[in-house]
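K.L.:
Numbered per this note's numbering, the sequence shown finishes at 708, counting up by one with no gaps.
Every residue gets a Cβ at the ideal spot worked out from N, C-alpha and C, and that includes glycine.
Handing you this structure, nothing more for now.
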Amino acid sequence: MKGYGSHFLYVNLTSGKITKRRVKKAHTRKYLGGLGFATKLLMDNVNPRVNPLKSNNAICIVPGLLVDTAISTGSKTTFTFKSPATGTFGRAVVGATLGVQMRRNNLEGIVIKGKAKNPIMLVIEDGKFQLRSAKKYWGKDTFETEKMLKDDFGKAFATAVIGPGGENLSYMASVECEGRQAARGGVGAVFGSKKLKAIVIKGTGKKIIYHKEEKLKDLIKYWGKIIKDHPATKADMSYGSGEFYSWMNTSPGTFPAKNWQLSYVETFDKLKKGELSSIDPYSWVSKYMVKYHPCPNCSKPCGRLVQVKSGKYKSDPVDGVEYELIYSLAGVQNIDDAKVMIKANEICDKMGLDGISAGVTVAWAMEAYEKGLLSKKDTEGLDLRFGNADAALQVYEKMAKRKGKLGKLLADGTKVASKKLGKGSYKFAIHIKGLELPAYDVRGIKGMALALAVSVRGACHLTGGVYGIELGGNWWQFHNVDRFATTNKGFEVKTSEDLMTLYDALGMCKFSRHMYFLEGFPDMIYAITGFKVSYGELMAVGERIYNLQKLFNIKAGLKRKDDTLPYRVMHDPITKGASKGSYVKEEELQYMLNEYYQARGWSPEGIPTQLKLFTLDLNDYIEKGYGV
């Protein structure tokens, strides 16, 4: 088959057996690759009701169809698993050389099941596969582990490793992929539960054959020029994904601060004309940037290595700080200090923690402390008030290692912590289905509120990616969108989810969606695979994959009531700023859910119907009892 690796690799850590299974041609056009294959593999290998930290959960790893083709920003590899954080379909996507090296081993994906008795790693080199002891690496942080592996195997090997967070089964544990993270949902904990410390991989031969090599080369040049000349490229390369931080605070007033008590960082009340917030990339990038750190095949890198080279917050070089982490490691904790933010980013990456969940969890603890629900005895002497950077920096390692009373309380995020603490602390626990919210105060972005409520992996801004539509008012086929309105949001979210799911199947970076849109893909897919696909067929691929993920969640026990929002979002209006007075009322959420389920062709309870499954060519799941 043109454009695809020949096999999936199946690894059983219990028995130590590794086998190969051929990629089914019938699945290629239906799922394309990346998230499509990874979703199908999870459905075929995991009972949705399984305990996520037991041996019969699986880790499915698949690079997108465009990975290693040299199409700019086609770099993403998807991990799927049942999430320990949410109990739902788990997805983590990373722009890493891991996927490139998989393709150079002629592999279309890896499925890892079982559990080793002792720390273990998977080593892949030029079509040869083996499991080796990882005992010498166990207990090391991610930076130490990567360095040791590079020293032992060679710098040409790609690595994916866990740190203390994964080893100690923190629900927010990530997988570190050479400065990039597969982070959300606790994929690192699934690695840790299997005693899988690392994957090490290198392929020297590129065996994947494309349908039209010359046409592909022409497309690489064509799109390379478009991306080079696009105005967004300059902003991304100059200041990274956080370049609109100041605008989010001052224009729509939808940057969550102080654990969502505010919708902008309080510093903006004190700044004089021309002054910048310390955590604004326009302030810190020029001071701390070391060099660009692009994902594979990216010609518009928003990623960069930054470093605080001296002083109290001296750090190693670290990739970042991305927009979401400007929020979670600084703004949401009422900290306006770039040096602290960079140091927090470094600690989370070393510990192997999802920086969004870790930072928002610390903010929850700060509010609990200020409200008197946590005492100094509970915090082990830390004065954990908002803005206390030195106290906050001590918490991340405690969480990753489940160290002490505070570390044990916070290790699994705000959902678990608020249940343990009680005392009404759920009212300011900022999560959906157990996944902490990203950097958009959805009380003032109501279509985004719907998108987070219904996302199959919990509070995820990239499942639908509608924040751009809502905040800008116009994007692609959407025009004059009112972010305060609740009407016409169902179709908007459904369409955006299907498109963004397609992006994950292709392995395309979503920061390029305003360049490629949908229209750029048919020619690429034809050049790679020979498939002549229409726009409608491509959107159907996204819809098919998304419905499959929803089936997983339904079987896992989720219901309509789980498509909801944090208490604060639905009860506490924004108090100050451009979105003052806005929040999402219960009746507004229910109206939007009804509209969304109708747009999806699902039942009023949010369950895919058998008719919908039939139209998406998912008949085999009807036979298995899915759908209504």
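#1: If we ignore side chains and look at the alpha-carbon of each, how far apart do GLY493 and ARG465 end up?
#2: So, under 8 Å CB-CB, ASN186 and ILE98 are touching, yes? Tell me the CB distance rounded to an integer number of Å.
#3: Sorted by chain position, which residues of the same chain lie with C-beta nearer than 7 Å to LEU453's C-beta, five sequence neighbours on each side aside?
#4: Could you pull out every residue in the same chain whose Cβ sits closer than 7 Å to the Cβ of ILE427, ignoring the five residues on either side in sequence?
#5: Straight-line CA distance for ILE510 to TYR671?
#6: Return the residue from the list PRO374, ARG384, GLY219 and THR609 that minimises the CA-CA distance to TYR368.
#7: Can you say whether ILE361 is buried or exposed, counting buried as having 16 or more other CB atoms within 10 angstroms of its CB?
#8: Count Cβ pairs between the stretch 200-208 and the stretch 398-418 that sit closer than 8 Å; are there 3 or more?
#9: At the level of alpha carbons, what is the spacing between GLY83 and LEU121?
#10: Touching or not, the stretch 249-256 and the stretch 266-277, by the rule of three or more beta carbon pairs under 8 Å?
#11: Only counting the same chain, and skipping five residues up and downstream in sequence, which positions put a Cβ closer than 7 Å to that of LEU146?
#12: By the 10 Å Cβ neighbour count, where 16 or more other Cβ atoms means buried, how is LYS419 classified, buried or exposed?
#13: Would you report the Cα separation of ASN142 and GLN210, rounded to the nearest angstrom?
#14: Taking C-beta to C-beta, are ALA620 and LEU691 nearer than 8 Å?
#15: Please report how far the alpha carbon of ASP316 lies from the alpha carbon of ILE702, in whole angstroms.
#16: Within 10 angstroms of the Cβ of LYS485, are there 16 or more other Cβ atoms? Answer buried if so, exposed if not.
#17: Quick check on the DSSP output: the alpha helix (DSSP H) that includes ASP180 runs from which residue to which?
#18: Under 8 Å: do the stretch 570-583 and the stretch 293-306 share three or more Cβ pairs, one atom per stretch?
#19: Apply the 10 Å Cβ neighbour rule to HIS651 and answer buried if 16 or more other Cβ atoms are within range, or exposed otherwise.
#20: Whose CA, out of LYS305, VAL126 and GLY283, lies closest to the CA of GLY207?
#21: With burial defined as no fewer than 16 other Cβ atoms inside 10 Å of the residue's Cβ, what is the status of ASN329: buried or exposed?
#22: Could you tell me how far apart the beta carbons of LEU515 and ARG537 are, in whole angstroms, since I believe they sit closer than 8 Å?
#23: So, LYS274 versus GLY194, is the Cβ gap smaller than 8 Å?
#24: In whole angstroms, what is the alpha-carbon distance linking SER152 and GLU450?
#25: Please determine if the stretch 602-616 and the stretch 654-669 are in contact, where contact requires at least 3 C-beta pairs separated by less than 8 Å.
#26: Can you list, in chain order, the residues of its chain with a C-beta nearer than 7 Å to that of LYS430? Leave out the 5 residues immediately preceding and following it.
#27: When you compare each of VAL280, ILE625 and LYS380 to GLY114 by their alpha carbons, which one comes out closest?
#28: In the DSSP assignment, find the unbroken beta strand (DSSP E) run with GLN261 in it and report its ends.
#29: Going by the beta-carbon positions, is the gap between ASP434 and ARG264 smaller than 8 Å?
#30: Does the stretch 513-527 come within contact of the stretch 331-341, defined as at least 3 CB pairs closer than 8 Å?
#31: Who are the near neighbours of GLU711 in its chain, counting only those whose CB is closer than 7 Å to its CB and skipping five residues on each side?
#32: Run through the DSSP bridge pairs and tell me what ASN329 is partnered with.
#33: Do you know offhand how far TYR403's Cα is from GLU323's?
#34: Buried or exposed: which applies to ALA236, given that a residue is buried once 16 or more other Cβ atoms fall within 10 Å of its Cβ?
#35: Assign PHE88 to one of three DSSP states: helix, strand, or coil.
#36: When DSSP labels each residue in this structure, what does ALA410 get in the three-state scheme?
P.N.:
Once the coordinates are examined:
#1: 18 Å
#2: The pair is not a contact, with the Cβ atoms about 15 Å apart (cut-off 8 Å).
#3: LEU501, LYS503 and SER505
#4: LEU473, TYR476 and GLU477
#5: 22 Å
#6: ARG384
#7: In the sequence as presented, Ile is not what sits at residue 361; that position holds Pro. With 16 or more other Cβ atoms within 10 Å, it is buried.
#8: no
#9: 19 Å
#10: yes
#11: GLY154, LEU586, GLY587, MET588 and MET604
#12: buried
#13: Per the sequence presented here, residue 142 reads as Val, with Asn not at that position. Spanning the two alpha carbons is a distance of roughly 19 Å.
#14: no
#15: 45 Å
#16: exposed
#17: The sequence shown places Val at residue 180, rather than the Asp named in the question. Start and end: 177-183.
#18: no
#19: exposed
#20: GLY283
#21: buried
#22: 7 Å
#23: yes
#24: 47 Å
#25: no
#26: ASP221, THR222, PHE223 and GLY243
#27: ILE625
#28: 260-262
#29: yes
#30: yes
#31: Nothing can be reported for residue 711: it is not among the residues displayed for the chain, which extend from 81 to 708.
#32: Answer by DSSP bridge pairing: none, since ASN329 is not bridged.
#33: 8 Å
#34: exposed
#35: strand
#36: coil
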